[in-house]
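J.:
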Amino acid sequence: MISITADFNFNDLDKVIEYETQKWFDALVDDYRQTGIRFVERAVAKASFNNITWNLRSSIGYLIIWNGEVLESYFKDLKDGTEGQEVGRDYALFVAKLIDEGEGLAMALVAGEEYAAFVESKGKDVISGSSAYFETEIKALLK
């Protein structure tokens, strides 16, 4: 009979597993981040509505949530419409509470101004086109 002796201990194995898991998680969050930034950039650039206050356009952004905690948010700085960023962040936090179950990774993509759905209902693209783009991109990354 052959005797095999491990040249490691379980603490070392746990450290390797923890390190590799963290590396994988960081890469996953980075994929979400990069795809989220592209979502925002695309939505801001391609939105088919007029700008009066710039608030609707600046309210477009995202939150990444992990185990109920916000890891990060992104709302593009625009020349005007800074009130929209605040409204967008607040709305994203509200949406995050609705979609996040307290465990795992989640992402909220929003146009935070209360009239965003009205503008979309008039046939203008606020975030619907970019949302479809995001869905395609994130699915491709997660394969």
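Residue numbers (my numbering): 21 to 163.
The beta-carbon is built from N, C-alpha and C at its ideal position, and this holds for glycine as well.
(1) Quick check on this structure: which residue in Asn29, Val90 and Glu140 has the alpha carbon closest to the alpha carbon of alanine 63?
(2) Are the region 129-144 and the region 101-112 touching by the rule of at least three beta carbon pairs closer than 8 Å?
(3) For serine 68, which of Lys144, Phe138 and Ala126 has the nearest alpha-carbon?
(4) Measuring CB atoms only, is the region 47-63 touching the region 21-30, in the sense that at least three cross pairs come out at less than 8 Å?
(5) What does DSSP give as the partner residue(s) for alanine 67 in the beta ladder?
(6) Rounding to the nearest angstrom, what Cα-Cα distance links isoleucine 57 and asparagine 31 in this structure?
(7) What first and last residue would you give for the alpha helix (DSSP H) that runs through glycine 108?
(8) Are the CB atoms of lysine 66 and glycine 149 nearer to each other than 8 Å?
(9) Compare the C-alpha of leucine 98 against each of Lys142, Ile147, Glu40 and Arg77 and name the closest.
(10) Suppose the cutoff is 7 Å on Cβ atoms and the five residues either side in sequence are ignored; what does the same chain contact list for glutamate 103 look like?
(11) The beta strand (DSSP E) with glutamate 92 in it runs from where to where?
(12) Should isoleucine 84 be labelled buried (16 or more other beta-carbon atoms within 10 Å of its own) or exposed?
(13) Assign tyrosine 111 to buried or exposed, taking buried as 16 or more other Cβ atoms, counted over all protein chains shown, within 10 Å of its Cβ.
T.: On the basis of the coordinates in this document:
(1) Position 43 of the sequence shown, counted from the start, is the residue given in the question as residue 63. Comparing Cα positions, the closest option is Glu140.
(2) yes
(3) The residue labelled residue 68 in the question sits at position 48 within the sequence shown. Checking every option, the nearest Cα to that of serine 68 belongs to Lys144.
(4) no
(5) Start at 1 with the first residue of the sequence shown, and residue 67 comes out as number 47. None; alanine 67 has no bridge partner.
(6) Here residue 57 is taken as the residue at index 37 of the sequence shown, counted from 1. Here residue 31 is taken as the residue at index 11 of the sequence shown, counted from 1. C-alpha separation (whole angstroms): 38 Å.
(7) The count along the sequence shown starts at 1 and reaches residue 108 at position 88. Note, glycine 108: alpha helix (DSSP H), 102-119.
(8) Taking the sequence shown and counting its residues from 1, one reaches residue 66 at position 46. Taking the sequence shown and counting its residues from 1, one reaches residue 149 at position 129. Against a cut-off of 8 Å, the Cβ pair of glycine 149 and lysine 66 comes out as a contact.
(9) As a working note, residue 98 is residue 78 in the sequence shown. Here the closest residue by C-alpha is Arg77.
(10) Counted from its first residue, the sequence shown places residue 103 at position 83. Same-chain partners within the cutoff: Asn75.
(11) In the sequence shown, the residue the question calls residue 92 occupies position 72. Here the beta strand (DSSP E) through glutamate 92 covers 89-95.
(12) Counting from 1 along the sequence shown, the entry for residue 84 is found at position 64. Buried, by the Cβ-count rule.
(13) For the purposes of this step, residue 111 is taken as the residue at position 91 of the sequence shown. Buried, since its Cβ has 16 or more Cβ neighbours within 10 Å.
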